[in-house]
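J.: The structure that follows is given in the form of structure tokens.
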Amino acid sequence: AQSIVSEFVRFSLFDEDVLPYPGPTRTRQANYVRELDVPAEDLWQGVESKVRRNARRALREGVSIIVDDRGAYVEDFLRIYLGTMDRCASAEWYRFDRSFFARLHAALPGRFAYVLAQLKGEIVSADLLLLSADTGYYFLGGTQASSFSTRPNDLVKVEAMNWLRET
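The sequence shown runs 1 to 167 under our numbering.
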């Protein structure tokens with residue numbers, strides 16, 4: 001009746017928030033959920049030892065973290081993200097342009113944050129989080145290949161959880 005043959009729905013990750021759906025569904029990929037309402041030390045100990053080791057290495061290498069909840073670093077994010085999409089030969093569907101992020105910023109003021117790793121004044125890794133009232137969702141991200149040895153993305157992930165926990 002509506003001339004619709006398929007749709008894409010991103011359901012909540014939490015069963016108690018999902019209304020019954022009248023048709024068949026298909027899961028595309030796994031989602032990982034981490035409760036953040038724990039003491040900081042428990043959060044740190046709760047990540048894999050490899051991640052802790054890599055985060056410490058990033059700090060020793062001089063990597064620092066910036067959290068941008070206004071979109072001021074969107075050009076740096078785009079450079080990192082699109083470089084990652086090129087390196088991974090991702091499908092065109094994942095290659096969002098500047099206008100996509102401008103629309104996202106306009107539609108979700110106060111509901112997104114970029115967590116960026118900076119090394120020697122250059123952004124080398126970045127994640128985009130989407131925020132609901134009580135949940136932060138990793139949405140998109142990437143890392144500059146030339147900075148892999150400094151392990152910035154593990155630090156980005158750890159500091160994203162710390163920032164979400166505090167905010």
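Even glycine gets a Cβ: it sits at the ideal position worked out from N, Cα and C.
If you're wondering where the values come from, they're calculated on a predicted model, not measured in any experiment.
I'd like the list of long-range same chain contacts for Val124, defined as Cβ closer than 6 Å, with 5 residues on each side in sequence excluded.
T.: Closer than 6 Å at Cβ, skipping near neighbours: Ala117, Gln144, Ser147, Pro152.
J.: Would you kindly report the start and end of the unbroken beta strand (DSSP E) that includes Phe139?
T.: 136-143
J.: CA-CA distance, Val67 and Arg52?
T.: Whole-angstrom Cα-Cα distance: 20 Å.
J.: Pull up the distance between the alpha-carbon of Val169 and that of Arg28, whole angstroms please.
T.: Because residue 169 is not part of the residues shown, which for the chain are 1 to 167, the question remains open.
J.: Can you give the beta carbon distance from Leu129 to Ala160, rounded, assuming they're within the 8 Å contact cut?
T.: 6 Å
J.: Where are the beta strand (DSSP E) runs, 3 residues long or more, that stay fully inside the stretch 90-166, in chain order?
T.: 112-119, 122-131, 136-143
J.: Is Leu140 near Val63, with beta carbons less than 8 Å apart?
T.: no
J.: Tell whether a beta-carbon distance below 8 Å holds between Ala55 and Thr150.
T.: Inclusion of Ala55 and Thr150 in the CB contact set at 8 Å is not warranted, their separation being larger than that value.
J.: Just verifying my parser: in three-state terms, what is the DSSP assignment at Val18?
T.: coil
J.: For Ser3 and Arg26, what's the separation of their Cα atoms in angstroms?
T.: 21 Å
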